[in-house]
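Engineer: The structure's right below; bear with me while I get my questions together.
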Amino acid sequence: MKSKSLLLFVLILFSLSFAQKVSKEKATKAITDSLKGARVEAIEYSKEKGSYEAKVNFNYKKLLVRVNGTNGKITEIIEVEDPIFNHVKEIANIVAPGEIIEKSEERDENEITYYLRIKGKDKMVREIEISISIGEPEEEEEE
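Each residue of the sequence shown is one higher than the last, beginning at 9 in the numbering used here.
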């Protein structure tokens, strides 16, 4: 009986040795490998949740990324803020005041295009397309 309980104890210790906390560097690497071009601004370990929480800039957006503290895999990505879309909402509110009922976007290397459906105060639905250039401004050639 003692040998069985000793064996069980050794088995539990052996399994716990693999459940070590992932290092901050490995959690950061998991984020940058998964989100190519991402910049991790801050990362902290939360004992209550057993995971790392990182503030990340990615594709002109601010994200909150959670990484499992034992296996180093991303468990959750939450979009916290999109500063470009905040400007788009301001522009759309000038053009067609109302509530955005549908939003989609297309991104490429130099431009982001937002397609919005806005329900105005007059109950009419308007479709608006707003394109914003990103990156380096193009210089015009002189003749």
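Quick reminder that beta carbons are idealized off the backbone N, C-alpha and C, glycines included.
Only a predicted model underlies this, so the values are computations on that prediction, with no experimental measurement involved.
What whole-angstrom Cβ distance do residue 129 and residue 143 have, given they're in contact under 8 Å?
Structural biologist: As a first step, residue 129 must be located in the sequence shown, where it is residue number 121. As a first step, residue 143 must be located in the sequence shown, where it is residue number 135. The Cβ separation is near 36 Å, so there is no contact.
Engineer: Within its chain, find whatever has a CB closer than 7 Å to the CB of residue 80; leave out the 5 residues flanking it on each side and keep chain order.
Structural biologist: Here residue 80 refers to the residue found at position 72 when the sequence shown is read from its first residue. Answer for residue 80: 30, 34, 35 and 38, listed in chain order.
Engineer: Measure the beta-carbon distance from residue 90 to residue 57 and round it to whole angstroms, keeping in mind my assumption that it falls under 8 Å.
Structural biologist: Mapped onto the sequence shown, residue 90 falls at position 82. Mapped onto the sequence shown, residue 57 falls at position 49. Wrong, their Cβ atoms sit about 25 Å apart, outside the cutoff.
Engineer: Report the residue ranges of all beta strand (DSSP E) runs contained in full by the stretch 111 to 139; include only those spanning at least 3 residues, in chain order.
Structural biologist: 119 to 128, all fully within the stretch 111 to 139.
Engineer: Since residue 71 contacts residue 61 with CB under 8 Å, what's their CB separation in whole angstroms?
Structural biologist: Position 63 of the sequence shown, counting from 1, holds the residue named residue 71. Position 53 of the sequence shown, counting from 1, holds the residue named residue 61. No, residue 71 and residue 61 are not in contact; Cβ-Cβ is about 11 Å, not under 8 Å.
Engineer: Spatial neighbours of residue 114 within its chain, please: C-beta separation below 6 Å, excluding the five flanking residues on both sides.
Structural biologist: If you number the sequence shown from 1, residue 114 lands on position 106. Excluding positions up to five away in sequence, the list reads 121.
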